[in-house]
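Its first residue numbered 19, the sequence shown is counted upward by one per residue in this note's numbering.
Presented below is the structure to which this report refers.
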Amino acid sequence: QFIADHVETNSLFHDDKECQGLIMEALKYHLLPERRSSFQSPRTKPRKSTVGVLYAVGSMECTKG
Numbered sequence: 019q020f021i022a023d024h025v026e027t028n029s030l031f032h033d034d035k036e037c038q039g040l041i042m043e044a045l046k047y048h049l050l051p052e053r054r055s056s057f058q059s060p061r062t063k064p065r066k067s068t069v070g071v072l073y074a075v076g077s078m079e080c081t082k083g
């Protein structure tokens, strides 16, 4: 749903044919689970996990609660 609602409709991706192809591939992969075996590619194979750290930094304005 996120891909269809936010990524596919984002104007940044409209002019890039390669991005459009990847978006379409992702939509098909998620919307047609019974056909996933035909969508096998390096992008759909599980990746090895790596040990690492992810830092997230954010803030909130105190006046907005």
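Every residue gets a Cβ at the ideal spot worked out from N, C-alpha and C, and that includes glycine.
Check your understanding: CA-CA distance, Lys66 and Leu72?
Key -> Mapped onto the sequence shown, residue 66 falls at position 48. Mapped onto the sequence shown, residue 72 falls at position 54. For Lys66 and Leu72, the distance between alpha carbons rounds to 17 Å.
Practice item. In angstroms with no decimal places, state the Cα-to-Cα distance between Leu49 and Arg61. Key: Along the sequence shown, one-based indexing puts residue 49 at 31. Along the sequence shown, one-based indexing puts residue 61 at 43. Distance between the alpha carbons of Leu49 and Arg61 is about 16 Å.
Review point. Is Ser67 helix, strand or coil when you go by DSSP?
Key: As a first step, residue 67 must be located in the sequence shown, where it is residue number 49. Ser67 carries a coil assignment under DSSP once its states are collapsed to helix, strand and coil.
Review point. What first and last residue would you give for the alpha helix (DSSP H) that runs through Leu49?
Key: The sequence position of residue 49 within the sequence shown is 31, counting from 1. Per DSSP, Leu49 is one residue of the alpha helix (DSSP H) stretching across Lys35 to Leu49.
Check your understanding: Would you say Phe31 and Tyr47 are within 7 Å of each other, going by their C-beta atoms?
Key -> Translated into positions along the sequence shown, residue 31 becomes position 13. Translated into positions along the sequence shown, residue 47 becomes position 29. No, the Cβ-Cβ distance between Phe31 and Tyr47 is not below 7 Å.
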